[in-house]
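**Q**
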Amino acid sequence: MLGSGLLQGLKVTAKNLVGSFHDPERLTTLEYPEQKAKLPENYRNFPFLVSENATDPMGTLRCVGCQICEKECPPQCIYIEKSKDKKPDATGKMQVYPVVFDIDTSVCMSCQICVEVCPFEAIKMDQVFEIATKDRFTALLLDRNQLAKPNSYYHEIHPTEAAEVDARLLAERKAAEEKAKAAATPKPAVAPTPSPTATAPKPPEAPAAGGTPAP
Amino acid sequence: MIGATSFSPLLLAAGAGADSFLERLPLVIRDTVAGVFPAPLQWLVGSTLSIVAIVAIFGGIFAGLTLVERKMLGRIQNRPGPNRTGPMGLLQPIADGIKALTKEDIVPRSADHLLHYLAPVALLAFSILTFAVIPFGRNLVPLELDAAVLYFFAAGAASELAIFMAGWASRNKFSLLAAMRALAQLISYELPLLLSFVPIIMLAGTLSMTGIIDAQAGWQLGFIPRWYIFTPWGFAAFVIFLIAALAESNRSPFDLPEAESELIAGHLTEYSGFKYALFFMAEYFGMIALSGMAITLFLGGWRAPLPFLEFIPSYAWFGAKLLVLLLFFIWIRGTFPRLRIDQLTRLAWKFLVPLALVNLGTAAFWSLTSGWSGALQLVRWALTIAMVIGPFVLLGRGLSGTHRPRTYRYA
Amino acid sequence: MTIPFLIIAFVTLVPAAVAMALRNLIHSSLLLIASWAGIAAFYFWAGAEFVAFAQVLVYVGAVSMIVLFAVLLTRHTRIDAGLAPDSIGRALAGLLAGGAVFGVLLGAVLSTPLRVGAKAAAQVPVKRLGLELMNHHTIALLAIGILLTVSLLGAVVLAATDSKGKGATP
Amino acid sequence: MSGVEPMFPSPSSGAHVNAVHDPFHGDLLEVSMGPHHPSTHGVFRMMVTLDGETIVKLKPVFGYLHRNHEKLGENTSYLGSMPYTDRLDYLNSMTNNWAYALAVEKLAGQPVPERAEYLRVILAELTRLLNHVCLAGFLLQDTGASGTPLMYAFREREKILDLFESLSGSRMMCNYQRFGGCRVDASPEWLAGAQTITNNFGRFLDEYEELITGNEIMMARTQGVGALTPELAISAGITGPMLRATGVNYDLRKVDAYGVYSRFDFRVPLGDHGDTYDRYMIRILEMRESIKILQQALPALPAGPIMDPKAKIRGFRPKAGEAYGRIEGPKGEIGFYLISDGSPNPYRYRVRPPSLVNLTVLEDMCLGQTIADAVIILGSVDIVLGEVDR
Amino acid sequence: MMETLEQVRDRLLARFPGGEVTLIANPGPAAQHSLALGLNQAAAMALFLRDDPDLRLDYCSNVTGVDWPEKEIVESTKVTVPDPAGGPAKVVEQKTKRIQPGYLEVVYHLYSMALKHGPVIVRLRTGNRHDQVTVPSFTPVWRSCEFQEREVFDLFGVKFSDHPDLRRILMWDEFTAHPMRKDYVEPDDYEWEPTPHGTVLEKAKAHYPATAVAAPTAAVGAAHHTPAAAAVTTAAPVVRSDTGLETRATPAPKEGTP
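Quick look at the structure:
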């Protein structure tokens, strides 16, 4: 019959109209400023630099300025200048640190390749998305101080991932300690003792010496 | 609302609740206001009072309607609709009004300035003129005309002129295309609109609105009101009238003149600011007027549907029926896609006009056989229903042609 | 001669005159439609409501569309055809023709016995109008009906052949 | 050069005609629809020459979103181009990633573990659901239904996008596949979420079909509009649902049987008339087939690594050579043709865009139709300008 | 299923004695070898590939342009040089420098929808990279090449004879260069982005006269920058002031554009 398809259509819209008053499935709007959406744990926005603790962020940056992320970043939005001198990092090993570490958030597309290629777990993806500014140039160029956030914050936003990273760092520091202890003890005994074959750590490895990461 | 010049006492005695205080309220207001002025001016004051009342009340209904439409469309689409301005979005119409007023009114340099300015004014004028004859309540008949129905459609017919002026004056390709489409659509739907209520004139025997409403007085079998919609030919005429009314007021399946997806905003492309709001208001006034007409012709005007509900004042019934019809218009807008211009005109000429003509025959048969009673009554009903359904199915098959949901093979 | 009659006469005649003078065809056709509305107002003033509504419905509603379409289909919406230089002969011919028509009209108006000052015509209800038409003037009514249907069918046939005649798309 | 007589000449070649007075039709009106037009799905322009309402000539003009994606590919490493493939057809980032990963794996002969193959099939079918739901919504929006079908479609699409966000971190820019596997493993909660969404999707489709498919106005507006013959479709290289709507049985998931598609049984719907209604219905039926695949793949997801242990993230240098990898994307065959000369950057990085090739026959379909049909025909071709302009 | 590429080449040679068909090996693991067709009979050969009952390659999936610029190939060949003093023949490395002439190449990937078999890859090579750049168009044979060949013409500059509508498809018509060629130099006055690396900054500074940099016009309020970031971007907003934008050299409109 000619009108039957039209009547079916009217029935569906009527069902949705009535449904929107009682069935949550049929009223899906989230009124943003009052109700905030619960972000999934893997959500990623712009990167941030991980520092061991919150008290002295610049001092305990994990980043050693190896510039791997600068080379690998597709839109080339990271800019690093290394320091001339060295300073002890979390494990006591003397490491170079970045004097200038800029990320141009107007160019960065938060693709997290820098997180993937960073061997020191120094850069992670943040979950802050309310970062609109009026200034078009300098406010979008985040420098070292604006990027650094403590490891505790990292545990807040990515709990499971942070736990894995800390476990791995701890294991590596323990392995490096044994190697350092093993290398230190045989000095008095001349006979060369077979150095314990530590598992092949990741290439530029920082031997751990104390300084357990703040929980 | 009570400037009725020839105030016939017949009206007063008709309904039981006729003399309740609320019923006579409009008359009391008119007499008190007119009483202040000297005698010769009283008629003039009465008329201006009814004009002011119509424009105020229906301006308010227009504002409310824009909000109701957006909220109902929102709810159909699983979203709450405007709720930021005012408690439940109630101040949204005011916000829209202010926005329309403050928006810059851009007139393209190559436009025909005089016509560009006149188009919205003419369209709004003609659509407000049609409110002069609609009986809103027992004592709320603005103008008692003998040929009121003809006046209504005469005033409505000139709106095509205004839309053409808008389309032509904007000097814009899309507006020109839209003006051509609008003319084709309005002219081809004028015929089914007029033809659909001719049987009612035939049965009611008069062209005046109050006459038609009186013809629909009384109840069958105690509780079914004697409205024309409850007769088979009346229902068919009502459906044709609604489809044609949708097309006349450029509403949903027929909003071709301002089809967003093809002609951007059609003949309204070059309008902005308050002129655009005027076009918008004219469209809504047209829709309200046509629904008022449908109520008067088919749903018994301001009559109560059940005898024991007589105590509710008549204009409340008119408002309720108006609300139901307007919600139905919005419901249709939320559901159907748009027709193409040639399908639209084919629907008018090959489907609605023949159906309306056949409906004339059915109504004639219905009025001739009004004398039958008892068993013949059933035969009469059956025959009329057959005379309505038959052509509908035949013409329907011709119209839909090869359009049928298809089955698909799988590889 | 009451004031409303003068106003209506003014509303009818002036747009017609201005329409002739304008260059823009669309403007002049709209003014023509305005003068038709003036005629409808005249019927209203004379008390013949039914005829006034019919006039508005038919002329302002439908015939105006035909006029506008005719103007659109002929491509020049502005009269840009050069006017021939005005010579005495053409002016004389114009005056002569105008004078002759005016003479005939004036004669007809003066010869008919107008009862000036008669009381306003009674309000004729539409029902009596309808009965009058169907009893005494049925033949005329049916003739007009047939004429209109024939013209409608003619238009449909013309339109149909036109689309078939379009033949091969480019 | 021997002039070969073309079997399917392109209808009215040459630049667009300006409004001329045609003796038979009278004035032709040349209208430019776009690049700023409400229904061109992005920055796309159609120079349409009209006789009244029927279209006499239609020249698509695009290139407004051209970023020279392929030159970028040549100046960035293989891994660096992966996030850029999200921006090709920005509605289906997972299938773009998979096509690029497949091509690079073919170039370097890189094996992929079982679990990753299953994950890729699951995510590709979810993306197909996304894309077809989007099309169904936009097509109805073009025919004039004021937003209602589009909102129902987007309500379902959001659920799937939330799945992608909780897995890869971003709703539409997933950057999820790597050469030799996937980046993040799917947690059990994620799999449970995917299972419920797949089960409910069938109910949504039934309600959607009840609203649209039987609708007389929709049938009148789309049946017989923009018909395409199978021979022209094959010669013009049309792929995807648009091709299958003309009745040609060519679905890369069956033809190439890449990934682990050969382990699932699903059917390929075929149309008969190749018009807009068929293209719409084929996509609805393909959604039902994708649900069937998902319901087979989700429980059968094997345990194991999601990344081939020997796959290198940095310093990835495939041996010199070339490879062309292609998959059945929601819009058609999306392929990547890579020539490598042993350096970390590809020597030539070419994307085979289904949207651009499907546009070749836009003019053939639109000739003789009205301007309202041209809008729907463009909608049913389902183009995304990111992919057309690259 | 499908005959090997060698069989196809032999049948082509048999069918078109005048034409040249050479097999190009693909060293990579994908092992997708290709056929290079001579330009004189290419269109006829393509027709044969499409209509041959065994092949029926009726679907041209992908048309790609590749730019091979002049390359200096250094071959070190081991040559045994007899020692004039009669000693043992010494094996000496001889480096012969050879300039391989550059050419533009168009690669077609052909599939068969009827018989559902895999790619036959066909390559057409132009004479050189500047004047002999004409190649027979395959659009009359497969309609799918129409837009893709226009793109190769637009981005590489390969002219296709017999193409129905050879115009630029992505760039605007007045654009003269071919961006995908290896030796394409992008104009340095395009919309300038203050990327921190400043590589673009140096190029832009070199473009603008030194005076513009020295006297920082206050258009963008350069004064209040924090010193830390200033080192990198101070010059940026100055150069990027509104006047900077105006000097962007829009491509000069040619008289009498077609």
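Those sequence lines, one after another, are chains V, W, L, Z and R. Each residue of the first sequence is one higher than the one before, counting from 317 in our numbering. Each residue of the second sequence is one higher than the one before, counting from 37 in our numbering. Each residue of the third sequence is one higher than the one before, counting from 643 in our numbering. Each residue of the fourth sequence is one higher than the one before, counting from 10 in our numbering. Each residue of the fifth sequence is one higher than the one before, counting from 15 in our numbering. Even for Gly, the Cβ is constructed at its ideal location relative to N, Cα and C.
1. For TRP385(W), is the classification buried or exposed, using 16 other Cβ atoms within 10 angstroms of its Cβ as the cut-off for buried?
2. For the segment 207–273 of chain Z, which segments carrying the beta strand (DSSP E) assignment without a break, of at least 3 residues, lie completely within its bounds, in sequence order?
3. Find out if the Cβ-Cβ distance for the pair ARG124(Z), ILE336(Z) is shorter than 7 Å.
4. Assuming LEU88(Z) and ILE322(Z) make a contact with CB atoms under 8 Å, what is their CB distance in whole Å?
5. Quick check: is the beta carbon of GLU372(Z) nearer than 7 Å to any beta carbon in chain R?
6. Can we say the segment 95–109 of chain Z touches the segment 130–141 of chain Z, given the rule of at least three CB pairs closer than 8 Å?
7. Go through the segment 127–186 of chain W residue by residue and report every complete run of the alpha helix (DSSP H) that reaches 4 residues or more, in order.
8. For LEU431(W), would you say it is in contact with chain L, using Cβ-to-Cβ distances shorter than 7 Å as the test?
9. Measure the alpha-carbon distance for ASN332(V) versus ARG342(V) and round it to whole angstroms.
10. Considering only C-alpha positions, which residue in the set ALA89(W), ALA136(W), LEU388(W) and LEU230(W) is nearest to VAL177(W)?
11. Have a look at LEU458(V) and ASP420(V) and give me their C-alpha separation to the nearest angstrom.
12. Could you work out which residues of chain Z lie near ILE377(W), taking near to mean beta carbons separated by less than 8 Å?
13. For LEU159(Z), collect the residues of the same chain with a Cβ closer than 8 Å to its Cβ; drop the 5 residues on either side in sequence, then sort them by chain order.
14. Give the straight-line distance between the Cα atoms of PHE173(Z) and ALA133(Z), rounded to the nearest whole angstrom.
15. Based on the DSSP secondary-structure assignment, which residues constitute the bridge partners of GLY334(Z)?
16. Counting Cβ pairs closer than 8 Å, one from the segment 396–407 of chain W and one from the segment 230–239 of chain W, do we hit at least three?
17. Which complete alpha helix (DSSP H) runs does the segment 357–396 of chain W hold, if anything under 4 residues is left out?
18. Against TRP204(W), what residues of chain L qualify as contacts under a CB-to-CB distance less than 7 Å, listed in chain order?
19. Any residues in the segment 239–259 of chain W with a beta carbon nearer than 9 Å to a beta carbon of chain L? Which ones, in chain order?
20. Quick one: what's got a C-beta closer than 8 Å to ALA272(W)'s C-beta in the same chain, skipping five residues either side?
21. Taking C-alpha atoms, which residue in THR58(Z), PRO15(Z), MET296(Z) and GLU114(Z) lies nearest to ILE380(Z)?
22. State the Cα-Cα distance for the pair MET182(Z) and LYS387(V), rounded to the nearest angstrom.
23. Is there at least one Cβ from chain Z nearer than 7 Å to LEU322(V)'s Cβ?
24. If you draw a straight line from the C-alpha of LEU294(Z) to the C-alpha of ALA203(Z), how long is it?
25. Please determine whether the Cβ atom of ARG342(V) lies at a distance below 6 Å from any heavy atom of the ligand PLP.
26. Identify the contact partners of PHE692(L) in chain W, using a Cβ-Cβ distance below 9 Å as the criterion.
27. Give me the Cβ distance between SER75(R) and GLU342(Z), rounded to the nearest whole Å; I'm assuming they're in contact under 8 Å.
28. Of all the options ILE65(W), LEU150(W) and PRO116(W), which has the alpha carbon lying nearest to the alpha carbon of HIS338(V)?
29. Could you name the residues that DSSP lists as bridge partners for TYR117(R)?
30. Would the beta-carbon of SER350(W) fall within 7 Å of that of ARG174(W)?
31. Take MET16(Z) and list the residues in its own chain whose beta-carbon comes closer than 7 Å to its own, dropping the five residues that flank it on each side.
32. Of all the options VAL693(L), ALA690(L), ILE675(L) and SER793(L), which has the alpha carbon lying nearest to the alpha carbon of GLY704(L)?
33. Run through the DSSP bridge pairs and tell me what GLN443(V) is partnered with.
34. Comparing the C-beta of ASN84(Z) with each C-beta of chain V, is any distance below 7 Å?
35. Taking the alpha-carbon positions, what's the LEU137(W) to THR791(L) distance?
36. Alpha carbon to alpha carbon, how far is PRO390(V) from ALA266(Z)? Give it in angstroms, no decimals.
**A** According to the structure shown:
1. If you number the second sequence from 1, residue 385(W) lands on position 349. Exposed, because fewer than 16 other Cβ atoms sit within 10 Å of the Cβ of TRP385(W).
2. none
3. As a first step, residue 124(Z) is located in the fourth sequence; it is residue number 115 there, counting from the start. As a first step, residue 336(Z) is located in the fourth sequence; it is residue number 327 there, counting from the start. Taking the C-beta atoms as reference points, ILE336(Z) is found no nearer than 7 Å to ARG124(Z).
4. As a first step, residue 88(Z) must be located in the fourth sequence, where it is residue number 79. As a first step, residue 322(Z) must be located in the fourth sequence, where it is residue number 313. In this structure, LEU88(Z) and ILE322(Z) form a Cβ contact; the two beta carbons are roughly 7 Å apart against a cut-off of 8 Å.
5. Against the fourth sequence, residue 372(Z) aligns to sequence position 363. Judged by the 7 Å Cβ criterion, GLU372(Z) is not in contact with chain R.
6. These segments touch.
7. Whole alpha helix (DSSP H) segments, 4+ residues: 128–138 and 149–165.
8. Here the question's residue 431(W) lines up with position 395 in the second sequence. With 7 Å as the cut-off, LEU431(W) does not count as an interface residue toward chain L.
9. The residue you call residue 332(V) lines up with position 16 of the first sequence. The residue you call residue 342(V) lines up with position 26 of the first sequence. Approximately 7 Å, taken between the alpha carbons.
10. For the purposes of this step, residue 177(W) is taken as residue 141 along the second sequence, with counting starting at 1. The option with the nearest alpha carbon to VAL177(W) is ALA89(W).
11. If you number the first sequence from 1, residue 458(V) lands on position 142. If you number the first sequence from 1, residue 420(V) lands on position 104. Rounded to whole angstroms, LEU458(V) to ASP420(V) spans 6 Å at the Cα level.
12. Here residue 377(W) refers to the residue found at position 341 when the second sequence is read from its first residue. Result: GLU62, THR379 and ALA381.
13. Walking along the fourth sequence from the start, residue 159(Z) turns up at place 150. Same-chain partners within the cutoff: GLY146, PHE147, LEU149 and GLN150.
14. For the purposes of this step, residue 173(Z) is identified with residue 164 of the fourth sequence, where counting begins at 1. For the purposes of this step, residue 133(Z) is identified with residue 124 of the fourth sequence, where counting begins at 1. Roughly 11 Å between the two C-alpha positions.
15. Sequence index remark: in the fourth sequence, residue 334(Z) carries index 325 (1-based). Looking at the DSSP assignment, GLY334(Z) forms a beta bridge with PHE345(Z).
16. yes
17. 377–382
18. For the purposes of this step, residue 204(W) is identified with residue 168 of the second sequence, where counting begins at 1. Near TRP204(W) (Cβ distances below 7 Å), the residues of chain L are ILE668.
19. Taking 9 Å as the cut-off between beta carbons, the residues of the segment 239–259 of chain W near chain L are GLY241, THR242, LEU243 and SER244, in sequence order.
20. For this step, residue 272(W) is matched to residue 236 along the second sequence. Around ALA272(W): LEU391, ASN395, THR398, VAL424 and PHE428.
21. Sequence index remark: in the fourth sequence, residue 380(Z) carries index 371 (1-based). The option with the nearest alpha carbon to ILE380(Z) is THR58(Z).
22. To locate residue 182(Z), count along the fourth sequence from 1; it is residue 173. To locate residue 387(V), count along the first sequence from 1; it is residue 71. Roughly 21 Å between the two C-alpha positions.
23. Along the first sequence, read from residue 1 onward, the residue named residue 322(V) stands at position 6. By this cut-off, LEU322(V) is an interface position.
24. Here the question's residue 294(Z) lines up with position 285 in the fourth sequence. Here the question's residue 203(Z) lines up with position 194 in the fourth sequence. Taking the straight line from one Cα to the other gives about 20 Å.
25. Ligands displayed in this structure: none; no statement on the ligand PLP is therefore possible.
26. For the purposes of this step, residue 692(L) is identified with residue 50 of the third sequence, where counting begins at 1. What PHE692(L) touches in chain W: ASP182, ALA183, LEU186 and LEU243.
27. Your numbering for residue 75(R) matches position 61 in the fifth sequence. Your numbering for residue 342(Z) matches position 333 in the fourth sequence. The pair is a contact, with the Cβ atoms about 6 Å apart (cut-off 8 Å).
28. As a position in the first sequence, residue 338(V) is number 22, starting the count at 1. That would be PRO116(W), whose Cα lies nearest to the Cα of HIS338(V).
29. For the purposes of this step, residue 117(R) is taken as the residue at position 103 of the fifth sequence. The partner list for TYR117(R) (beta bridge, DSSP) reads TRP82(R).
30. For the purposes of this step, residue 350(W) is taken as residue 314 along the second sequence, with counting starting at 1. For the purposes of this step, residue 174(W) is taken as residue 138 along the second sequence, with counting starting at 1. Result yes, Cβ atoms of SER350(W) and ARG174(W) sit closer than 7 Å.
31. Translated into the one-based positions of the fourth sequence, residue 16(Z) becomes position 7. The beta carbon of MET16(Z) is closer than 7 Å to those of SER244 in its chain, skipping five residues each way along the sequence.
32. Stepping through the third sequence from its first residue, residue 704(L) is reached at position 62. With the sequence shown as reference, residue 704(L) is identified as Ala, and Gly is not the correct amino acid for it. For ALA704(L), the nearest C-alpha among the options comes from ILE675(L).
33. The residue given as residue 443(V) occupies position 127 in the first sequence. Bridge partners of GLN443(V): none, in fact.
34. Within the fourth sequence, the letter at position 75 stands for residue 84(Z). No - not a single Cβ of chain V is within 7 Å of the one on ASN84(Z).
35. Numbered from 1 along the second sequence, position 101 holds the residue referred to as residue 137(W). Numbered from 1 along the third sequence, position 149 holds the residue referred to as residue 791(L). Computed Cα separation, rounded: 49 Å.
36. Along the fourth sequence, one-based indexing puts residue 266(Z) at 257. Along the first sequence, one-based indexing puts residue 390(V) at 74. Cα-Cα distance, rounded: 32 Å.
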